[in-house]
Each structure stands twice: as C-alpha cells, then as structure tokens.
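Here our numbering is used: position 80 in the sequence shown is 300, and no number is missing along the way. Heads up, the beta-carbon is just placed ideally off N, CA and C, and yes, glycines get one too. This structure is a prediction, so every number in the text was calculated from the model and none was measured.
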Amino acid sequence: MPKYLVIVESPAKAKTIKKFLGTNYEVLASNGHVRDLPKSKLGIDVDNEFEPYYITIRGKGELLAKLRKEVKKADKVYLATDPDREGEAISWHLSQALNLGDRTNNRITFNEITKNAVKNSIKQARNIDMDMVYSQQARRMIDRMVGYGISPLLWAKVKRGLSAGRVQSVALRIICDREEEINAFVPEEYWTLEADFNVQGQKKPLRAKFYGKDGKKLVIQNEQQVNEILSELEKVSFQVTDIKKGERIRKAPIPFTTSTLQQEAAKVLNFSTQKTMRLAQQLYEGVDVKGKGTIGLITYLRTDSTRISEEADQDARNFVENHFGADFVATTERIQKNTEKKIQDAHEAIRPTYVELTPTIVKESLARDQFRLYQLIWKRFVASRMQPAKYETTSVKIDGGAYRFTASASKLVFEGFMNVYVSEEDKELTGTLAGTITENAKIELSEYFKNQHFTQPPAHFTEASLVKTLEEQGIGRPSTYAPTITTIIARRYVAKEDKNLYVTELGEVVNAIMKTSFASIVDVNFTANLEALLDRVEDGSVTWKTVVSNFYPDLHEAVILAENELEQVKIEDEVSDVICEQCGKNMVIKYGPHGKFLACPGFPECRTTKPYFEKIGVECPLCGKEIVIRKTKKGRKYFGCEDNPNCEFMSWQKPTKEKCPKCGSIMIEKGAKVVCANEKCGYIKE
221 MPKYLVIVES PAKAKTIKKF LGTNYEVLAS NGHVRDLPKS KLGIDVDNEF
271 EPYYITIRGK GELLAKLRKE VKKADKVYLA TDPDREGEAI SWHLSQALNL
321 GDRTNNRITF NEITKNAVKN SIKQARNIDM DMVYSQQARR MIDRMVGYGI
371 SPLLWAKVKR GLSAGRVQSV ALRIICDREE EINAFVPEEY WTLEADFNVQ
421 GQKKPLRAKF YGKDGKKLVI QNEQQVNEIL SELEKVSFQV TDIKKGERIR
471 KAPIPFTTST LQQEAAKVLN FSTQKTMRLA QQLYEGVDVK GKGTIGLITY
521 LRTDSTRISE EADQDARNFV ENHFGADFVA TTERIQKNTE KKIQDAHEAI
571 RPTYVELTPT IVKESLARDQ FRLYQLIWKR FVASRMQPAK YETTSVKIDG
621 GAYRFTASAS KLVFEGFMNV YVSEEDKELT GTLAGTITEN AKIELSEYFK
671 NQHFTQPPAH FTEASLVKTL EEQGIGRPST YAPTITTIIA RRYVAKEDKN
721 LYVTELGEVV NAIMKTSFAS IVDVNFTANL EALLDRVEDG SVTWKTVVSN
771 FYPDLHEAVI LAENELEQVK IEDEVSDVIC EQCGKNMVIK YGPHGKFLAC
821 PGFPECRTTK PYFEKIGVEC PLCGKEIVIR KTKKGRKYFG CEDNPNCEFM
871 SWQKPTKEKC PKCGSIMIEK GAKVVCANEK CGYIKE
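#1: Note down, in chain order, each residue of its chain lying with its Cβ closer than 6 Å to the Cβ of residue 535, except the 5 sequence neighbours on either side.
#2: Where does the unbroken alpha helix (DSSP H) through residue 589 begin, and where does it stop?
#3: Are the stretch 691 to 701 and the stretch 749 to 762 in contact at 8 Å, needing three or more beta carbon pairs?
#4: Taking 8 Å as the limit between beta carbons, can you name the residues of its chain near residue 222, skipping five residues before and five after?
#5: Within this structure, are the beta carbons of residue 273 and residue 267 separated by less than 8 Å?
#6: Which runs of the beta strand (DSSP E) spanning at least 3 residues fall entirely within the stretch 666 to 735, listed in chain order?
#7: Using the DSSP secondary-structure output, state which residues sit across from residue 882 in a beta bridge.
#8: Leaving out five residues before and five after residue 355 in sequence, what residues of the same chain have Cβ atoms less than 6 Å from its Cβ?
#9: Does the Cβ of residue 847 lie closer than 7 Å to at least one heavy atom of the ligand SAM?
#10: Nearest to residue 259 by CA position, among 427, 599, 275, 247, is which residue?
#11: Between the alpha carbons of residue 361 and residue 768, how many angstroms are there, rounded?
#12: Can you tell me whether residue 341 is helix, strand or coil according to DSSP?
#13: Return the chain-ordered ranges of every beta strand (DSSP E) run that is complete within the stretch 229 to 298 and spans a minimum of 3 residues.
#14: Is the separation between the beta-carbon of residue 503 and that of residue 593 shorter than 8 Å?
#15: Measure the alpha-carbon distance for residue 833 versus residue 849 and round it to whole angstroms.
#16: Ignoring anything shorter than 3 residues, give me the beta strand (DSSP E) runs that lie fully in the stretch 376 to 421, in order along the chain.
#17: Would you report the Cα separation of residue 314 and residue 254, rounded to the nearest angstrom?
#18: Counting only the same chain and skipping the five closest in sequence on each side, list residues whose C-beta sits under 6 Å from that of residue 643.
#19: Along the chain, where does the alpha helix (DSSP H) containing residue 630 start, and where does it finish?
#20: Buried or exposed: residue 455, going by 16 or more other Cβ atoms within 10 Å of its Cβ?
#21: Is residue 368 helix, strand or coil by DSSP?
#22: What would DSSP say about residue 202, mapped onto helix, strand or coil?
#23: Which one of 601, 665, 634 has the shortest CA to CA distance from residue 624?
#24: Helix or strand or just coil, what does DSSP make of residue 466?
#25: Tell me whether residue 332 is buried or exposed, calling it buried when 16 or more other Cβ atoms sit within 10 Å of its Cβ.
#26: Which partner residues does residue 875 have in the DSSP bridge list?
#27: Would residue 568 be called buried (16 or more neighbouring beta carbons within 10 Å of its own) or exposed?
#28: Hey, how far is the Cα of residue 634 from the Cα of residue 609?
#29: So the candidates are 449, 497, 231; which of them puts its Cα closest to the Cα of residue 246?
#30: Terminal residues of the continuous beta strand (DSSP E) containing residue 430?
#31: Hey, how far is the Cα of residue 236 from the Cα of residue 505?
#32: Alpha carbon to alpha carbon, how far is residue 229 from residue 497?
#33: Considering only residues of the same chain and omitting the five flanking positions on each side of residue 463, which have a CB-CB separation below 6 Å?
#34: Can you tell me whether residue 227 is buried or exposed, with buried defined as 16 or more other CB within 10 angstroms of its CB?
#35: Could you tell me whether any Cβ in chain C is nearer than 8 Å to the Cβ of residue 262?
#36: Considering Cα atoms alone, identify which of 308, 224, 277 is closest to residue 293.
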C-alpha cells in the first residue's frame, strides 16, 4: 500500500486533518517557517540582483531531519500549509529544505478543515504557485531593508531600544496625526432645546426637539441665542402641522472578513486584534467537540472576501427556514462593494464550517472566549442569509410661529435577521412616541429643556478603528493588521488604555525622525501603492525583482543622507541639577526603551539611576509647586504636580503660566491657541 506524507504548520491542524485521512497517511507539523533571512545581517545580496540568502531557523534542524526521514519513506508528499502568501512561502521553503524539487503536484489548499474539503484538495493537488511565493518574498525583503537600514539610525539618534518597520511606521504616523488633531482641537459651544407638549387624550407628554426657523435647520450657538428664541416662543401657540408614517429597512449584515471580525470582536467582546486572531486560529485548526472528535469549526481566518460557497449558502438558508420559517430566508444576497484594492476572492468569508453546529451544541467543548468568538461568527453568518429587519417610522412636525420642533420614533414590525444578530448600532434604532397622535390633536406647551454642549475632538484610535482605517487606506493585508498593532504597542511607541491608543513620548520621537528623514516610508499613499504592487507580483503581472530594485536605491540614499544629518544633531547627555546621592556628581538625562531617565555620569563605577521629570516652568494651581511632565504606567504623557501623590493635579494638555481672565482657571495649550481648562467657561486666546 502506498504511503503518503502530509505536512502542515501546526500540531493542532495535523491532529484535525489526520482524522479525515486513512492509515496510509502520516500528518506532521513544521511549526511555522523553517527557513528565513539571517538575523545577524541583511541577508540580501544587493549587488547580485537582490538575491536573498536563506538559512535554517535556529532550533528547526532536528525537526527538518525528522521530516527528511519521513519524506524518504513516502511515495507522495503533500504540503498543506495555509491558503495565502505566507502559507505558499512556507510550502516553498519546506520544498527547498526537504529537497522536493522533482516532486510535482504536491501543494494542496483548503478554505475549511472538513473531511470533504481535505479529500477534495488531495484530488486537486497542484504545483507551488511561485508568483505567490515571490510576492511574500518581496514583502519580506522590503521590510528587512527598512528595518535593517533605519533601526541603527534610530538607535544612534535616541541611544538605544528603538527600531523601525515599514507598515508599523505608517500605523504610528496615522495615530500621531490623530493625536495632533485632538491636541489642536478647540471646542465650540452649542445648545440644544427640547420641549414637552401635553397632547389631548394622552397621559404622557410628547418630547420634541427644536429644529429651526422658517423651515430651515438652525444651530443654537450660545445661551443668549437660546434665550431669545424662548422669549419669542412665549408669544406663540403650537400645533401639529405634519405627521408622516413610513417604513425603514435595516439590511442584514454581510459575513465577516478578517478586518470586520477584528473590529466587531473589539467592540462587542473587548478582544484585542491579537487575541481575536489567536482564538480564530484555534477554531480554524480544530477543537475537540464532544461526540464528534477534533473538527475545525470555522473557515480560514485571513480573508478580505465576503463570498460564500454555494453549498454553505444553501445549508444556511435551509437552517434558517427550518428554525425560523420561510419568511425569514433572504431572497437576495448582499454583495461587498467593489473597491480599487484587490479582494483575495480565492478565500471565502469567515463562517462556521457546519452551520448545524450551533453555539449551544459546542458550548461545553469550548473555552469561554473560544465560545464567545464562535458565537459571534456563527450568528453573523446565519444573519447574513436572513431577511432585512423592518421598522414602522413616525415623524411629527410641531410649529409655533416661525419656529419648528420635531419628534420621531420607529417601531420594529419584522425582526428578520435581528432574531439572531443585533449589533450595537441596531440597538439604537428604536424609540417610541407616547400613544397615537393626529394632525388635529390639540397640544399645549408643558416645559422647555435647554442644555449647553461643546463639540468634541476626533476620537482617539482604538484597535478596531485603526484596523478599519488601515483597511480603508489599503495599508497592509488581512494577515498584517494584528501583528502591526501588537508590535507598536510592544515597542512602547503606543500605549493602550481603556481601549484607546495613545502615542508615548518614545512614539513621538520615532515618528518625528521618520517624517523628517524617511518621508516616503511613512507616506500613506506610498505604502498603499506598494501593497498594490505586491498584489501585481502575486498575479504575475510584475516581477518581484522590479519592485525590490525600484524600492532599494531611494531607501539607501535616504539612509546615507540621514546618517550625515543625524550625526550633526546627535543627542548629548544633558546635565541636570539633580545631585547623585552616592558620588555627588550632577546626574545626566539619558534615553532608554521607556523614555528619559536620570543616570550618574560616573557609570560604571556608580550605577545610580532615578526617574526623570521635566519641569515646564509653571506652578501647580493646587499647591504652588512645579508642574512636571509625567507618564502613565503604559507610557502616555501627561502634566502633573512634582509633589504627586500628595497633590492630585493633572492635565493631558500643557498648562501655561496664564490664568483665565474670565474665571481664573489655568489656561492650557490647544494647537495654536490657548484656552481655559474649564470647558464650561470656554474662554479662548488666539
């Protein structure tokens, strides 16, 4: 009987696939990549047409020796790594390391780890797609050139502990640009006006919002304006002038892509992108389900397509009809809008492999977080095959003289997909009007409610909103979102607090250097265009050497230029007025991986260090001591009293020496303006 060897990336995947194949199949794992560029040097021969130099990854020698023995025993070897560029590259490296050069049609791929999918893939075995391999190789080489070219410069500029990455640097710039917008934002005052009206025959009053004057929308900008409106409204009587009833449709959601799964898991489950991908990988590779053994519960997790196979689509529609009724089955399918960037349509959307395995059935077999993520994916997929939700809407116009108030409400009349899946946005769609109201109904004013508000700055990025922005701007691909965010947080360029991402002092330094010396590397459009070029390498229309050879000279020139400039502005140790307690010398300011600190210049004889707090020359408004620049535990910068924790003063914006002439509070810097820290005061100095 012939013997077959199947090689996958992970032991979990190997265990799941082994179950579907006969006793003459051996399934082993490579544990990811087995070869890579060396860590000790660039590993790219720039003088010899950019040929890469690959070596066996440290610790993989013994594993490869075992795989070579199994290869000799096998009549046929199948490489079953993931169905994307990275998976194709792992298969190629395995082929090279195991000397499979003369063995053809040994590459198999599947979008889901099910018996049918695995067996069909063996029947459709093909050669390794070298265009996919070259695309991954070009990305790896360009990222290596950026990292090994720029990181030593950052190390020299800010002493130590810094490094640069191509996609990470762009993500950092996007966050820094948002931080600058927030810091420069000056709130603008506005007011809202609401009124309660007593309606004939109704026990509860009708709450309506001020709309405008003479049929036009009017924004109330200050209290004087709202008081003038109220003064004029005292002289008028009110009447219902228009009631409109209608219907609104809420379309079913489309199935998850990598990006939308990460966004929704962050919003609904409070998962980081890294955690979402780790759990999804476990669900994809296989888990032990009671009574069924090890099975893969979801399809492949790295995809930007919303396509669903005909078989899975029909299974889902049948499930909906059997459990909810024929009225709930979708008659049409929502299609993802075409975008300029390439959609990797070889993969399906992320969906359950077996729709009949409901979350309830598998709950006991899954860890809590695995279950929560599976439930989210299952519900979203089933909902995508259901009818839209229908709302009955009512809008009321109430006129008093030249002024108009409006009230609106919506009532859910057909749940449709919301029987299964309700997003945060869906929860906000309903509202009710007290009882019924007609145009002839007599109404009279009961009470006014006026409220002061201030416009809000752009929101800080969360992991979810950053992923959305990266996808919209064509930066990175499904496999890169999570590692990109993980890296900038791990390097302490960005701090994550209460879901929000904040730039640290270290991040500001790195971003400033990158924008000054390597503007094209951190340019959003340049990075998006490079992603498009890598897609063209994958489809065979551009060669990888063309992309790499066009990229390298500009980078090399920028590095040489920056080397000269950075030497001229090299940071010397700044002497402080703090005396070392051990040897009496003035301590100096040094830079470490976590920012500035004080160290004794007598190192290594004296190793004394202290935290460094930079004074800004402003007295604390609470106790009169100095305000200094401090950092949270995660590295976010703020301004606090040097006597902390005895004094609790703190501000996210930089305080000034000035006091507000209007209310006496401290003034803070907001971009090019100085504003009162007391938002209710609203005083602004240009």
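With the given structure in hand:
#1: Taking the first residue of the sequence shown as position 1, residue 535 is located at position 315. Only 575 meet the Cβ criterion.
#2: To locate residue 589, count along the sequence shown from 1; it is residue 369. Unbroken alpha helix (DSSP H) run through residue 589: 588 to 604.
#3: Contact holds: three or more Cβ-Cβ distances are below 8 Å.
#4: The residue you call residue 222 lines up with position 2 of the sequence shown. The beta carbon of residue 222 sits closer than 8 Å to those of 244, 295, 296, all from its chain and outside the five residues before and after it, given in chain order.
#5: Here residue 273 is taken as the residue at index 53 of the sequence shown, counted from 1. Here residue 267 is taken as the residue at index 47 of the sequence shown, counted from 1. Contact: no.
#6: Listed in chain order, they are 714 to 717, 720 to 723.
#7: One-based indexing of the sequence shown puts residue 882 at position 662. Paired residues: none, contrary to the question.
#8: Within the sequence shown, the letter at position 135 stands for residue 355. 305, 754, 757, 758.
#9: You won't find the ligand SAM in this model; it holds no ligand whatsoever.
#10: Residue numbering aside, residue 259 sits at position 39 when the sequence shown is read from its first letter. If we check each option's Cα against that of residue 259, 275 comes out closest.
#11: Numbered from its first residue, the sequence shown carries residue 361 at position 141. Numbered from its first residue, the sequence shown carries residue 768 at position 548. The C-alpha of residue 361 lies about 8 Å from the C-alpha of residue 768.
#12: On the sequence shown, position 121 is the one that residue 341 refers to. Three-state DSSP puts residue 341 in a helix.
#13: Qualifying beta strand (DSSP E) stretches, in chain order: 245 to 249.
#14: For the purposes of this step, residue 503 is identified with residue 283 of the sequence shown, where counting begins at 1. For the purposes of this step, residue 593 is identified with residue 373 of the sequence shown, where counting begins at 1. Cβ distance < 8 Å, so residue 503 and residue 593 count as in contact.
#15: On the sequence shown, residue 833 is found 613 positions in, with the first residue counted as 1. On the sequence shown, residue 849 is found 629 positions in, with the first residue counted as 1. Distance between residue 833 and residue 849, taken at the CA atoms: about 6 Å.
#16: Fully enclosed beta strand (DSSP E) runs of 3 or longer: 409 to 419.
#17: Here residue 314 is taken as the residue at index 94 of the sequence shown, counted from 1. Here residue 254 is taken as the residue at index 34 of the sequence shown, counted from 1. Between residue 314 and residue 254, the C-alpha separation is close to 7 Å.
#18: In the sequence shown, the residue the question calls residue 643 occupies position 423. Correct list: empty, nothing qualifies.
#19: For the purposes of this step, residue 630 is taken as the residue at position 410 of the sequence shown. Per DSSP, residue 630 belongs to no alpha helix (DSSP H); it is in the beta strand (DSSP E), 623 to 634.
#20: Your numbering for residue 455 matches position 235 in the sequence shown. The Cβ neighbour count for residue 455, taken over all protein chains shown within 10 Å, is under 16; the residue is labelled exposed.
#21: The residue labelled residue 368 in the question sits at position 148 within the sequence shown. In the three-state scheme derived from DSSP, where H, G and I count as helix and E and B as strand, residue 368 is classed as helix.
#22: The structure shown does not extend to residue 202, since the chain is modelled only from 221 through 906, so no value can be given for it.
#23: In the sequence shown, counting from the first residue as 1, residue 624 sits at position 404. Checking every option, the nearest Cα to that of residue 624 belongs to 665.
#24: Start at 1 with the first residue of the sequence shown, and residue 466 comes out as number 246. Under the three-state reduction of DSSP output, residue 466 falls in the strand class.
#25: Walking along the sequence shown from the start, residue 332 turns up at place 112. Classification for residue 332: buried.
#26: Counted from its first residue, the sequence shown places residue 875 at position 655. Per DSSP, 888.
#27: The sequence position of residue 568 within the sequence shown is 348, counting from 1. With 16 or more other Cβ atoms within 10 Å, it is buried.
#28: The residue given as residue 634 occupies position 414 in the sequence shown. The residue given as residue 609 occupies position 389 in the sequence shown. Roughly 6 Å between the two C-alpha positions.
#29: Counting from one through the sequence shown, the residue named residue 246 turns up at place 26. Selected option, being the one with the closest Cα: 231.
#30: Stepping through the sequence shown from its first residue, residue 430 is reached at position 210. That run of the beta strand (DSSP E) goes 426 to 433.
#31: Position 16 of the sequence shown, counted from the first residue, corresponds to residue 236. Position 285 of the sequence shown, counted from the first residue, corresponds to residue 505. Computed Cα separation, rounded: 7 Å.
#32: For this step, residue 229 is matched to residue 9 along the sequence shown. For this step, residue 497 is matched to residue 277 along the sequence shown. Between residue 229 and residue 497, the C-alpha separation is close to 16 Å.
#33: In the sequence shown, the residue the question calls residue 463 occupies position 243. Taken in chain order, the residues that qualify are 616, 659.
#34: The residue you call residue 227 lines up with position 7 of the sequence shown. So residue 227 ends up on the buried side.
#35: This model lacks chain C altogether; it includes just one protein chain.
#36: Locating residue 293 in the sequence shown gives position 73, counting from the first residue. Comparing Cα positions, the closest option is 224.
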